[in-house]
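Encoded as structure tokens, the structure appears first; notes follow it.
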Amino acid sequence: MTNQDPLNADVLKGLRVLIVEDEPMIASFLEDALTDLGCEVIGPALNMKDALRLAREARIDGAGLDINVAGEKVYPVADVLAERGLPFVFMTGYGRAGLRESDLDRPVLQKPFSFERLVEIMTQWRSSRSGTPQA
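This is the structure:
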């Protein structure tokens, strides 16, 4: 990514990010862009089975979640992450209208979204936590 703030790149270096996205082109873009910023991408999970397994078992610092994953809602994954105390952002074409009431306080990126905005949200994860991956 050529337009990224180098300070954000430093802040995000080593951040372990779970990506749950069923569109291969979007998943690949996110994986490449986050890797360029020094993040370690977990996944991308293209289906709910893999997403739930990774949400439960992987050492991650946060996650980007598409709301509709291969025809299933991602909410069970969001619930696991919330139980683990991990931050996440919803990435969706539906905006806030696609969220459950219990998730209205969560960050949302409406597709197509600015990658810079995703970086801003992830930078907040690092600054609001010790940066230690959660088991």
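Its first residue numbered 253, the sequence shown is counted upward by one per residue in the numbering used here. Ideal Cβ placement from N, Cα and C applies to all residues, glycine included.
For alanine 297, the uninterrupted beta strand (DSSP E) run begins and ends at 292-297, by DSSP. Taking isoleucine 312 as reference, the option from Gly323, Pro296, Asn320, Glu324 with the minimal CA-CA separation is Pro296.
The residues Ala261, Leu264, Lys265, Gly266, in chain order, have a CB closer than 7 Å to that of glycine 290 in the same chain once the five nearest residues on each side in sequence are set aside.
Contact check for aspartate 274 against alanine 334 fails: the beta carbons are separated by 8 Å or more.
Boundaries for isoleucine 271: no alpha helix (DSSP H) harbours it, while the beta strand (DSSP E) harbouring it runs 268-272, taken from the DSSP string. Contact check for threonine 344 and lysine 363: beta-carbon distance about 6 Å, within the 8 Å limit, so the pair qualifies. If you check the CB distance, leucine 270 and leucine 306 come in under 8 Å.
Residues Leu267, Asp313, Gly314, Pro339 of the same chain have their beta carbon placed closer than 8 Å to that of tryptophan 377, with the five preceding and five following residues left out of the count. When the alpha-carbon of leucine 351 is set against those of Ala310, Asp284, Asp331, the nearest one is in Asp331. Cβ-Cβ distances below 8 Å link phenylalanine 365 to Met343 in the same chain, with the five nearest sequence neighbours on each side left out; the list follows chain order.
Secondary structure of phenylalanine 367 (DSSP, three-state): helix.
For leucine 306, DSSP assigns no beta-bridge partner whatsoever. When only Cα atoms are considered, glutamate 283 and leucine 298 end up about 12 Å apart. The alpha carbon of arginine 369 has as its nearest neighbour, out of Val329, Ala285, Glu309, Met277, the alpha carbon of Ala285.
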